[in-house]
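Heads up, the thing below is written out as structure tokens.
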Ligand code: MGP
Ligand code: SAH
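Numbering (this note's numbering), first residue to last: 1 to 230.
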């Protein structure tokens with residue numbers, strides 16, 4: 001099958017490492033330098049936009065998160081350019097990928113095509129908050145906006161800082177669909193608040209916290225909530 005090969009936004013302004021240093025903001029250069037950690041098949045036509053660069057889950061982490069969803073119906077509620085969606089598509093029974101931004105969904109479809117899993121995903125352009133009452137699935141994956149790359153400027157990241165709704169509200173909405181909820185959160189997130197989410201649920205949920213590293217550096221925290229094992 002002929003594969004679409006477009007140059008990504010950043011590639012269009014980067015022709016050589018020297019030009020890259022001059023023509024891109026340092027914050028995006030940092031992510032571009034990690035491009036093969038984000039997508040091992042980056043050179044095969046992966047597409048990104050600015051938010052995609054700083055938000056995509058590194059592939060090694062997405063593989064681990066997906067392994068917990070083997071054989072399940074997964075709803076990727078904030079799917080972005082598809083870092084998680086691709087890995088869910090490889091191992092789950094089916095994936096519903098939702099993003100409010102149609103450009104992200106276009107990129108996610110392209111990126112799933114690069115990985116040969118595009119036919120295993122149902123894409124929806126829409127607002128997760130509004131779509132929630134109509135969604136059905138075994139596992140809900142939440143990797144919402146953290147408020148941009150400045151999320152780590154506070155010592156402790158509290159759940160009210162999550163977008164588009166605070167973490168308590170997002171969790172409450174998620175629970176109306178399934179108790180099997182996975183959240184990908186900042187490395188400085190308040191762990192006591194996550195425990196609170198689990199204990200305040202009725203019935204209380206079990207919670208497993210995973211610190212996610214790439215190359216020895218912590219990139220984020222994954223919280224696995226479940227009634228029984230996910
Ligand atoms: P980072 O801290 O901006 O980068 O994001 P890095 O390379 O760890 O910077 P360093 O200089 O501190 O070492 C780390 C990871 O967090 C990214 O690769 C994304 O997977 C994830 N991430 C970052 N942001 C801002 C978001 C976000 O808004 N939403 C989601 N879902 N993930 C994010
Ligand atoms: N896990 C993704 C990154 C998600 S970044 C990956 O690995 O690629 C968070 C995404 O949430 C952004 O793409 C943003 O467009 C989307 N988003 C923000 N508000 C939303 C909403 N109300 N409903 C659905 N998606 C939303």
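Cβ coordinates follow ideal geometry from the N, Cα and C atoms, glycine included. Bear in mind the structure is a predicted one, so any value in this text is a computation, not a measurement.
What are the partner residues of residue i, as DSSP defines its beta bridges?
| i | result |
| --- | --- |
| residue 220 | 212 |
| residue 139 | 74 |
| residue 206 | 226 |
| residue 150 | According to DSSP, residue 150 bridges with nothing at all. |
| residue 182 | 141, 224 |
| residue 119 | DSSP, once it has assigned bridges, lists no residue as partnering residue 119. |
| residue 189 | 157 |
| residue 56 | DSSP, once it has assigned bridges, lists no residue as partnering residue 56. |
Going straight from the alpha carbon of residue i to that of residue j, what length do you get?
| i | j | result |
| --- | --- | --- |
| residue 126 | residue 150 | 26 angstroms |
| residue 181 | residue 219 | 20 angstroms |
| residue 78 | residue 215 | 25 angstroms |
| residue 69 | residue 121 | 14 angstroms |
| residue 227 | residue 208 | 12 angstroms |
| residue 71 | residue 28 | 35 angstroms |
| residue 134 | residue 197 | 23 angstroms |
| residue 113 | residue 204 | 40 angstroms |
| residue 129 | residue 163 | 11 angstroms |
| residue 43 | residue 110 | 13 angstroms |
| residue 165 | residue 179 | 19 angstroms |
| residue 154 | residue 33 | 25 angstroms |
| residue 107 | residue 169 | 28 angstroms |
| residue 192 | residue 47 | 37 angstroms |
| residue 105 | residue 99 | 6 angstroms |
| residue 217 | residue 119 | 34 angstroms |
| residue 45 | residue 144 | 25 angstroms |
| residue 212 | residue 199 | 23 angstroms |
| residue 101 | residue 115 | 21 angstroms |
Measure from the alpha carbon of residue i to the alpha carbon of each residue in the options, then state which is nearest.
| i | options | result |
| --- | --- | --- |
| residue 140 | 88, 60, 58, 35 | 88 |
| residue 131 | 96, 72, 162, 40 | 96 |
| residue 161 | 206, 186, 173, 178 | 186 |
| residue 142 | 192, 83, 106 | 83 |
| residue 76 | 119, 124, 64 | 124 |
| residue 51 | 45, 41, 103 | 103 |
| residue 86 | 26, 31, 100, 41 | 41 |
| residue 235 | 98, 26, 101, 224 | Past the boundaries of the shown model lies residue 235; the chain is included only from 1 to 230, so the question cannot be answered. |
| residue 202 | 31, 172, 45 | 172 |
| residue 35 | 26, 101, 53 | 53 |
Spatial neighbours of residue i within its chain, please: C-beta separation below 6 angstroms, excluding the five flanking residues on both sides.
| i | result |
| --- | --- |
| residue 60 | 214 |
| residue 210 | 222 |
| residue 55 | 80 |
| residue 92 | 69, 72, 74 |
| residue 64 | none |
| residue 38 | 56, 58 |
| residue 167 | 159 |
| residue 183 | 142, 223 |
| residue 62 | 83, 84, 87 |
Under 7 angstroms Cβ to Cβ from residue i, same chain only, skipping five residues before and after it: list those, please.
| i | result |
| --- | --- |
| residue 90 | 66, 117 |
| residue 137 | 73, 74, 75, 96, 177, 178 |
CB-CB under 8 angstroms to residue i, same chain, minus the five flanking residues each way: which ones, in chain order?
| i | result |
| --- | --- |
| residue 157 | 146, 151, 185, 186, 188, 189, 190 |
| residue 176 | 132, 133 |
State yes or no: is the C-beta of residue i nearer than 7 angstroms to some heavy atom of the ligand ADP?
| i | result |
| --- | --- |
| residue 143 | Looking at this structure, you won't find the ligand ADP anywhere; what it does contain is the ligand MGP and the ligand SAH. |
Are the C-beta atoms of residue i and some chain D residue less than 8 angstroms apart?
| i | result |
| --- | --- |
| residue 27 | No chain D is part of this structure, which consists of one protein chain only. |
(message) Give the list of continuous alpha helix (DSSP H) stretches no shorter than 4 residues that lie fully inside the region 62 to 116.
(response) 83 to 91, 102 to 114
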